[in-house]
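In the working numbering, the protein residues as written are 168 to 300.
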């Protein structure tokens, strides 16, 4: 029971973090365009896309692997893997220039990862509610 609680918590954290990452990637270009209008500068910001990508990969693969052992469904993996490919391409390729294509890749990838965590959470709950005969 404690392990199920930890898995639920990890999936919820993964969902929230991935959704916030996608929101950040979608809104950051707009914020960067508006900052000079407001008299603000962007100097000194640390680029954390790559660190967040590695964290999302580790958390996603771990929680989905544990979830798969419970529900034996690959549907969540079908969202996670393409989502991770998109964020890895966006974070570790020449597209990592914070342009519109980078923002689009990271946003779509983050939403797919968030969806994978949400689906894994639901599949795990359904498997716990209906144990195999």
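Note that CB positions come from ideal geometry on N, CA and C, so glycine has one too.
In this text the structure is predicted, and so the values were computed from the model without any measurement.
{"Query": "Of the residues 195, 217, 203, 176, the one placed nearest residue 259, counting alpha carbons only", "Result": "217"}
{"Query": "Inter-stretch contact (C-beta, 8 Å, three-pair minimum) for the segment 238-248 and the segment 188-206", "Result": "no"}
{"Query": "Reduced DSSP category for residue 283 - H, G, I as helix; E, B as strand; rest coil", "Result": "helix"}
{"Query": "Residue 178 burial status per 10 Å Cβ neighbour count (16 or more: buried)", "Result": "buried"}
{"Query": "At least three beta-carbon pairs within less than 8 Å, the segment 227-237 to the segment 257-275", "Result": "no"}
{"Query": "Exposure of residue 168, with buried meaning 16 or more beta-carbon neighbours within 10 Å", "Result": "Caution applies to residue 168, whose pLDDT of 49 falls short of 50 and renders its modelled position unreliable; the value that the coordinates give is listed next. By the 10 Å Cβ count, residue 168 comes out exposed."}
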